[in-house]
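Residue numbers for the sequence shown follow the numbering used here, beginning at 75 and rising by one.
Where is the CB? At the ideal position from N, CA and C, for every residue including glycine.
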Amino acid sequence: MKAHVYVTLKRGILDPAGKAVLSSLESLGYKGISQVRIGKYMEIDIEGRSKDEAEKDIKDMCERLLANTTIEDYSFEMDDK
75 MKAHVYVTLK RGILDPAGKA VLSSLESLGY KGISQVRIGK YMEIDIEGRS
125 KDEAEKDIKD MCERLLANTT IEDYSFEMDD K
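This is the structure:
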């Protein structure tokens, strides 16, 4: 089973990397972009667990290590390899 984990800054948290990318896109001539938010994407292969157990483990991993839940939100999707 594979987990696809997405971690992004919460709304209202300043995103300097996103602002830098936005500025660069504008300098390249791209118009109509009002905001860029930068995040993290992780793929985690999980073996030997049921889907419910794997989802519980991924949630725990996000809460304990993968996301700083004070300033970041996370979501994940599970699929069979």
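Which residues DSSP lists as bridging residue i, in chain order
i: Asp147; result: Thr82
i: Asp119; result: Lys76
i: Asp153; result: Lys76
Reference residue i, options the options, closest by Cα
i: Ile145; options: Gly122, Ser98, Gly113, Leu102; result: Gly113
i: Ala141; options: Glu151, Met116, Gln109; result: Met116
7 Å Cβ cutoff met for residue i and residue j
i: Thr82; j: Asp134; result: no
Where the alpha helix (DSSP H) through residue i begins and ends
i: Met135; result: 125-135
i: Gly92; result: 90-101
Range of the contiguous beta strand (DSSP E) that encloses residue i
i: Lys105; result: Run containing Lys105: none; DSSP gives neither H nor E here.
Contact test: residue i Cβ vs the ligand ATP heavy atom, cutoff 6 Å
i: Ser108; result: The model on display carries no ligand, and the ligand ATP is accordingly not part of it.
Are the segment 81-97 and the segment 125-135 touching by the rule of at least three beta carbon pairs closer than 8 Å? Flag = no, the segment 81-97 and the segment 125-135 do not touch.
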